[in-house]
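Residue numbers (this note's numbering), protein chains in the order written: chain P, 1 to 355; chain C, 1001 to 1355.
The beta carbon of each residue, even a glycine, is placed where N, CA and C say it ideally should be.
Protein chains: 2
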Amino acid sequence: MATPAEGSLRRFSLAVDAMGGDSAPEVVLDGLDLAAERHPQAQFLLVGDEARLTPLLARRPRAAKACAIRHAPDVISGDMKPTLALRQGRNSSMRIAIDAVAHGEAAGVVSAGNTGALMALAKIVVKTMPEIGRPALAAIAPSARGDVVMLDLGANVQCDARNLVEFAVMGDAFARAVLGLPAPSIGLLNVGSEELKGDDRVRQAADVLRDSHSGINFHGFVEGHDIAAGTVDVVVTDGFTGNVALKTGEGALKLMRDLLRQVFTSSVPARMGYLLARPALERLREWMDPRRYNGAILLGLNGVVVKSHGGTDALGFAHAVDVAMDMVTHGFTQNIRESLSRLATHAPTLAASQD
Amino acid sequence: MATPAEGSLRRFSLAVDAMGGDSAPEVVLDGLDLAAERHPQAQFLLVGDEARLTPLLARRPRAAKACAIRHAPDVISGDMKPTLALRQGRNSSMRIAIDAVAHGEAAGVVSAGNTGALMALAKIVVKTMPEIGRPALAAIAPSARGDVVMLDLGANVQCDARNLVEFAVMGDAFARAVLGLPAPSIGLLNVGSEELKGDDRVRQAADVLRDSHSGINFHGFVEGHDIAAGTVDVVVTDGFTGNVALKTGEGALKLMRDLLRQVFTSSVPARMGYLLARPALERLREWMDPRRYNGAILLGLNGVVVKSHGGTDALGFAHAVDVAMDMVTHGFTQNIRESLSRLATHAPTLAASQD
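In structure tokens, the structure reads:
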């Protein structure tokens, strides 16, 4: 097995950190086995402990056909500080996978390992696109009208108008690549939908996005309840608000699930009621299955970087790989470049206001 | 009937805008009829169209005993701009009710009318407490572990550390008065629970609140999912994030309710299942009944100001009156004064950092 054809550039669709996550490497390999079936053209660079990976891969023929192993002696633990991961993680599976993107061997990287370390290493090693001020963290969430992209989810606790405009451009490119929408509608999160609401930041960003030359299908301001309602395809906000909003929504849904479980176990008739309604309730459960929404995506780097949830299973990991593959195959990075150069022509004032 | 004993100061517990809300004045009077039963000592100054109110009140004996009517010829409509309400609303029921608080005739005001107008009029007429930099909007929400107070919900889109500390003090006093908690736990909303997370604002505010002299039972940072989990009794944040978080949580719960309705009408067995589980589902519905959580409270003024939802029914309006009565009878304003003077002694640096 070893590491065939390592020297050739962009040989791999994705580099995969085989050792990151609660049940690595088994769950990672099972996930790749599923992903390899969905993406028959994909080639994965599997980075991790070669002695452990070789026999595991041999038992998964589909994954084995799509993967080449690259040995990494170390693993970045889940609780390692990003600064320590930077200094001491040079031989870790996560770092070597990220290096492969920086060296142009792979178009992107997927890891279920330490989030903070992945974000820090990716930013420093893969680097931010020269056209982008700050990268943003995005995710996909369920809504009443289909999937919704949200960003930023915490990469930047403070943002100016320029950052918000760039997030809109990146969210647009992401929704086109991953949700397959030709002209996704973009909403800017605010405390009201009227043009005069909010602070200078959001009003200034809205002015730029409203310009018909922006190439953005800008819906205008949206409010918190519009996220679950699916009013727009992409919800743009700063990292502080986005992080709080995503976790608040998840918390509310979890509370509802817990309460429903109590309801359906509270009496014998309620249990029978559950059994009768079960097929329909199962569809609801599938619809909001967190595995379908697994994957936080760091947008704005010179390569695709996807973080899988550390506790997910093979299906969840395969979904994270799906997102990364969609970005790689649908020219996500090129789309951003084109949109930004169009904006730079039509909104030069905003570029001047950057910090 | 008319307006007995109008001259005497603080004769009324609350002034009530009889004409505000979708189904005013009937719903307001029905709500006061319920509230009068719950608060037998309460005296309400009922402000509105005397010719309409007199016969309606005569048919509600409990409300009639607790209410004195003050005539107001005008009504501020639901879509009137706050600036216009200020200039042209001098003879409106809302304004005359607010005036009664400013003149010391009533300890607080409740209105189901135009939110923006109520906030603007109250701030200008009742005025901010001298000890407080900026008033904040608070509400009570359900959680897995009882009621949670959230503030600010949109009165201030930008806040500094001093504002956040004051919100914590006001939230503490509010939770003691309305939830009856002797030492409510206070959490500061952030993107992570570690001390180093977030921006300068939240870290600086946390440093002050962590001081044992603050008199605040400070839990530390909380995240979005902690709101529904009920990790703390009071969640403090800036008005932008708070507004988005509250509406995001409400949106997620509404989505879940809509989907459950679809589930239980999707097939004959599912309908039967609903019928069997109905008593338990009804308890869930009651638990999250928005009428129980009716009332947005503007904290930090020289009097109690409660906004009832415009579309609520008598029960919902009575709940808003409950909240205002609890604040009036449990010395909410005095509690704030004491906490702030304690803070001023122990955190003089923060007071110096104010804008």
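Which chain C residues are close to residue i, counting only those with a beta carbon under 7 Å from its beta carbon?
{"i": "Ile227/P", "result": "Thr1248, Gly1251"}
{"i": "Asp258/P", "result": "Ala1144"}
{"i": "Ser267/P", "result": "Ala1280"}
{"i": "Lys123/P", "result": "Result: empty, since nearest Cβ-Cβ is about 17 Å, beyond 7 Å."}
{"i": "Leu284/P", "result": "Leu1259, Val1263"}
Closest by CA to residue i, which one among the options?
{"i": "Arg278/P", "options": "Glu1282/C, Arg1283/C, Pro1269/C, Glu1286/C", "result": "Pro1269/C"}
{"i": "His1219/C", "options": "Leu1032/C, Ala1068/C, Pro1184/C, Ala1252/C", "result": "Pro1184/C"}
{"i": "Ala1063/C", "options": "Ser1092/C, Val1047/C, Leu1029/C, Ala1161/C", "result": "Leu1029/C"}
{"i": "Met1129/C", "options": "Val1328/C, Leu1315/C, Val1304/C", "result": "Val1304/C"}
{"i": "Met1150/C", "options": "Ala1015/C, Thr1231/C, Ser1267/C", "result": "Thr1231/C"}
{"i": "Ala1136/C", "options": "Val1235/C, Arg1210/C, Asp1033/C, His1103/C", "result": "Val1235/C"}
{"i": "Leu1298/C", "options": "Glu1166/C, Ala1155/C, Gly1078/C", "result": "Ala1155/C"}
{"i": "Gly1104/C", "options": "Arg1060/C, Arg1271/C, Phe1012/C, Met1119/C", "result": "Phe1012/C"}
{"i": "Arg52/P", "options": "Pro40/P, Gln41/P, Arg70/P, His39/P", "result": "Arg70/P"}
{"i": "Glu250/P", "options": "Asp1226/C, Val1263/C, Phe1264/C, Thr1265/C", "result": "Asp1226/C"}
{"i": "Ala36/P", "options": "Gly331/P, Phe332/P, Phe317/P", "result": "Phe317/P"}
{"i": "Asn243/P", "options": "Gly20/P, Gly198/P, Ala139/P", "result": "Ala139/P"}
{"i": "Asp1079/C", "options": "Gly310/P, Val321/P, Glu194/P", "result": "Glu194/P"}
{"i": "Met1119/C", "options": "Thr1054/C, Ile1076/C, His1213/C", "result": "Ile1076/C"}
{"i": "Ala1107/C", "options": "Leu1301/C, Gly1310/C, Gly1198/C, Ser1023/C", "result": "Leu1301/C"}
{"i": "Phe1044/C", "options": "Leu1032/C, Arg1134/C, Lys1307/C", "result": "Leu1032/C"}
Give me the Cα-Cα distance between residue i and residue j, rounded to the nearest whole angstrom.
{"i": "Arg203/P", "j": "Met256/P", "result": "35 Å"}
{"i": "Asp200/P", "j": "Val1157/C", "result": "10 Å"}
{"i": "Lys1123/C", "j": "Gln1088/C", "result": "17 Å"}
{"i": "Gln1334/C", "j": "Ala168/P", "result": "47 Å"}
{"i": "Ile1336/C", "j": "Glu1131/C", "result": "9 Å"}
{"i": "Thr1345/C", "j": "Leu188/P", "result": "42 Å"}
{"i": "Pro1025/C", "j": "Pro1290/C", "result": "21 Å"}
{"i": "Ala18/P", "j": "Asp238/P", "result": "32 Å"}
{"i": "Ala1085/C", "j": "Ala324/P", "result": "53 Å"}
{"i": "Arg1342/C", "j": "Asp74/P", "result": "53 Å"}
{"i": "Ala1245/C", "j": "Leu1181/C", "result": "24 Å"}
{"i": "Met94/P", "j": "Leu164/P", "result": "29 Å"}
{"i": "Ile96/P", "j": "Val47/P", "result": "7 Å"}
{"i": "Leu153/P", "j": "Thr1329/C", "result": "42 Å"}
{"i": "Met1327/C", "j": "Val1178/C", "result": "6 Å"}
{"i": "Leu990/C", "j": "Leu260/P", "result": "Since the first residue shown for chain C is 1001 and the last is 1355, residue 990/C is missing from the structure and cannot be characterised."}
{"i": "Cys1159/C", "j": "Met1170/C", "result": "15 Å"}
{"i": "Pro82/P", "j": "Gly1215/C", "result": "36 Å"}
{"i": "Ala1100/C", "j": "Glu1166/C", "result": "26 Å"}
{"i": "Ala72/P", "j": "His319/P", "result": "25 Å"}
{"i": "Ala352/P", "j": "Ala175/P", "result": "Interpretation of Ala352/P is limited by its pLDDT of 43, a score under 50 that renders its predicted location unreliable; the figure taken from the coordinates is listed afterwards. Spanning the two alpha carbons is a distance of roughly 28 Å."}
{"i": "Gln262/P", "j": "Ser1143/C", "result": "15 Å"}
{"i": "Val1126/C", "j": "Cys1067/C", "result": "22 Å"}
{"i": "Gln41/P", "j": "Asp258/P", "result": "41 Å"}
{"i": "Asn294/P", "j": "Arg1285/C", "result": "30 Å"}
{"i": "Leu1057/C", "j": "Val1016/C", "result": "13 Å"}
{"i": "Met288/P", "j": "Ser267/P", "result": "26 Å"}
Check the DSSP bridge columns for residue i and list the partner residues they point to.
{"i": "Lys123/P", "result": "The partner list for Lys123/P (beta bridge, DSSP) is empty, contrary to what the question assumes."}
{"i": "Phe240/P", "result": "Paired residues: none, contrary to the question."}
{"i": "Lys1307/C", "result": "Ser1111/C, Ala1296/C"}
{"i": "Phe218/P", "result": "Ile186/P"}
{"i": "Ser92/P", "result": "Asp74/P"}
{"i": "Met19/P", "result": "None; Met19/P has no bridge partner."}
Whose Cβ in chain C lies nearer than 9 Å to the Cβ of residue i?
{"i": "Val236/P", "result": "Result: empty, since nearest Cβ-Cβ is about 12 Å, beyond 9 Å."}
{"i": "Asn243/P", "result": "Asn1190, Val1191, Gly1192, Glu1223, Gly1224"}
With residue i and residue j assumed to form a contact (beta carbons below 8 Å), what rounded beta-carbon distance in angstroms separates them?
{"i": "Gly1192/C", "j": "Glu1223/C", "result": "7 Å"}
{"i": "Ala112/P", "j": "Thr312/P", "result": "7 Å"}
{"i": "Leu1034/C", "j": "Leu1281/C", "result": "Actually they are not in contact, since the Cβ atoms of Leu1034/C and Leu1281/C sit about 25 Å apart, beyond 8 Å."}
{"i": "Phe240/P", "j": "Thr1241/C", "result": "6 Å"}
{"i": "Ser1339/C", "j": "Asp1172/C", "result": "7 Å"}
{"i": "Gly1021/C", "j": "Val1027/C", "result": "6 Å"}
{"i": "Asp233/P", "j": "Val109/P", "result": "About 26 Å; that fails the 8 Å criterion."}
Who are the neighbours of residue i on chain P, taking C-beta pairs under 7 Å?
{"i": "Pro1082/C", "result": "Going along chain P, no residue has its Cβ under 7 Å from Pro1082/C, so there is no contact; the nearest lies around 12 Å."}
{"i": "Ala1270/C", "result": "Leu276, Ala277, Ala280"}
{"i": "Gly1078/C", "result": "Ordered by position in chain P, no residue passes the 7 Å Cβ test against Gly1078/C, which lies about 15 Å from the chain."}
{"i": "Gly1154/C", "result": "Val191"}
{"i": "Gly1187/C", "result": "Ordered by position in chain P, no residue passes the 7 Å Cβ test against Gly1187/C, which lies about 12 Å from the chain."}
By the criterion of Cβ-Cβ separation under 8 Å, what are the contact partners of residue i in chain C?
{"i": "Gly198/P", "result": "Val1157, Phe1240"}
For residue i, go through chain P and note every residue whose CB falls closer than 8 Å to its CB, in chain order.
{"i": "Phe1264/C", "result": "Ala277, Ala280"}
{"i": "Leu1057/C", "result": "Near Leu1057/C there are no residues of chain P at all, since even the closest Cβ is about 36 Å away, more than 8 Å."}
Quick check: is any heavy atom of the ligand FAD less than 7 Å from the C-beta of residue i?
{"i": "Asp1017/C", "result": "Questions concerning the ligand FAD fall outside what the structure shown contains, since it holds no ligand whatsoever."}
Give me the chain P residues within the contact set of residue i, using Cβ-Cβ distance strictly less than 9 Å, ordered along the chain.
{"i": "Gly1220/C", "result": "Within chain P, no residue comes near Gly1220/C; the closest Cβ sits about 16 Å away, beyond 9 Å."}
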